[in-house]
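Residue numbers (this note's numbering): 234 to 447. Since the structure comes first, as structure tokens, the remarks are kept for the end.
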Amino acid sequence: MTKKRPFYYFLIIAIFIALSAFLMFSKIELHATISELNENLSYSQNIISVLQIKIDELLDENTRLYENRDLIMNDPYELRAQLSQTSRFIPDFKPIQDEYAISQGFSVNHPSIDFSTSKGNNVFAAGAGVVIVAFYDVILGNVIKIDHLNSYQTLYAHLDNFSVSENDFVYKGQIIGQVGNTGYSTNPHLHFQIIFENEPIDPTLIMTIHTFQN
Numbered sequence: 234m235t236k237k238r239p240f241y242y243f244l245i246i247a248i249f250i251a252l253s254a255f256l257m258f259s260k261i262e263l264h265a266t267i268s269e270l271n272e273n274l275s276y277s278q279n280i281i282s283v284l285q286i287k288i289d290e291l292l293d294e295n296t297r298l299y300e301n302r303d304l305i306m307n308d309p310y311e312l313r314a315q316l317s318q319t320s321r322f323i324p325d326f327k328p329i330q331d332e333y334a335i336s337q338g339f340s341v342n343h344p345s346i347d348f349s350t351s352k353g354n355n356v357f358a359a360g361a362g363v364v365i366v367a368f369y370d371v372i373l374g375n376v377i378k379i380d381h382l383n384s385y386q387t388l389y390a391h392l393d394n395f396s397v398s399e400n401d402f403v404y405k406g407q408i409i410g411q412v413g414n415t416g417y418s419t420n421p422h423l424h425f426q427i428i429f430e431n432e433p434i435d436p437t438l439i440m441t442i443h444t445f446q447n
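What follows is the structure in structure tokens.
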């Protein structure tokens, strides 16, 4: 019986080592799961914050419109002014305010507009909304996509850099980046696209864009 003891000792040690390894890997997996849950919670909290901002703004607008309903209905100029305040989510603000030339217009094969302008010129959000994409793409280079929370989305490509991050809430006319020449591009320009109900539309339908702007 005494000769068998080393074997039992070895078996106990092996079981202890295996159990320790199992607990260690379980602990690592648990930490990874907790980390992933924290990231998802942070993302959800950001979305909730953005939605709460929009809800508060809409409530404020509705209150203002109700309190001034008589003035608004009897004065068409005041009505237009009030409506212009509630349209900040419509992407009709021209994203380039410096000198530019339209190097390529909207077409079936090119469902966007290219603003040829100097590298480093500011790029502005065409409307208020939430940044849903801000990353580097091999073709589009540095690209930003904004969801305007009303069936409209806008895309800004070939940027030199970003001034915003994903999940940021941006305002109409806010600087979101600078004109660049990144991705598949031969000269500095802004590739600008408006999407309505998941289909690209001609930006000139909702904003004034000249062939040249000095």
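By construction, the Cβ of each residue, glycine as well, lies at the ideal position given by its N, Cα and C atoms. Computed from a predicted structure; not experimentally measured.
From residue 250 to residue 264, what distance separates their C-alpha atoms? 21 Å
From this set, 396, 411 and 427, which residue's C-alpha is nearest residue 421's C-alpha? 411
Mind reading off the beta-carbon distance from residue 407 to residue 358? Whole number of angstroms is fine, and I expect it under 8 Å. 5 Å
Would you call the stretch 422–439 and the stretch 343–352 touching, i.e. three or more CB-CB distances under 8 Å? As far as the Cβ criterion goes, the stretch 422–439 touches the stretch 343–352, which means the pair count is three or higher.
Are three or more beta carbon pairs between the stretch 356–373 and the stretch 381–390 nearer than 8 Å? yes
Here's a check: name, in chain order, each residue in its chain whose Cβ is nearer than 6 Å to the Cβ of residue 395, leaving out the five neighbours to either side. Within the same chain, Cβ atoms closer than 6 Å to the Cβ of residue 395 are found at 367 and 410, the five residues on either side in sequence being excluded.
Whole angstroms is fine: what's the gap from residue 257's alpha carbon to residue 340's? 59 Å
One question on the structure: do residue 322 and residue 378 come within less than 9 Å of each other, judged by their Cβ atoms? A distance of 9 Å or more separates the beta carbons of residue 322 and residue 378.
Residue 326 - partner residues in DSSP beta bridges: Answer by DSSP bridge pairing: none, since residue 326 is not bridged.
Top-ranked residue by Cα proximity to residue 441, from 418, 271, 324 and 281: Nearest to residue 441 by alpha-carbon distance, out of 418, 271, 324 and 281, is 324.
Mind checking who residue 432 pairs with in its DSSP beta bridge? Its beta-bridge partners are 429.
Would you grab the beta carbon distance between residue 350 and residue 380 for me? Rounded to a whole angstrom, and I think it's under 8 Å. The pair is not a contact, with the Cβ atoms about 25 Å apart (cut-off 8 Å).
Hey, residue 385 and residue 429: beta-carbon distance below 9 Å or not? A Cβ-Cβ contact shorter than 9 Å links residue 385 with residue 429.
Nearest to residue 342 by alpha carbon, out of 279, 400, 433 and 245? It is 433.
In terms of DSSP beta bridges, what is residue 387 paired with? 379 and 427
Three-state secondary structure (DSSP) of residue 438: Residue 438 falls in the helix class under three-state DSSP.
Reference residue 353, options 245, 423 and 402, closest by Cα: 423
Secondary structure of residue 276, DSSP reduced to three states: In this structure, residue 276 counts as helix in the three-state DSSP scheme.
In the DSSP assignment, find the unbroken beta strand (DSSP E) run with residue 369 in it and report its ends. In the DSSP assignment, residue 369 falls within the unbroken beta strand (DSSP E) covering 362–370.
Using alpha carbons as the reference points, say which of 356, 326 and 399 lies closest to residue 277. Of the listed residues, the one whose Cα sits closest to residue 277 is 399.
Looking only at its chain, what residues have a beta carbon closer than 6 Å to the beta carbon of residue 316, apart from the 5 residues adjacent to it on each side? Any reading at residue 316 must be qualified, since the residue scores a pLDDT of 48, below 50, and its modelled position is unreliable; the value itself is stated next. The answer is none, since no qualifying residue turns up.
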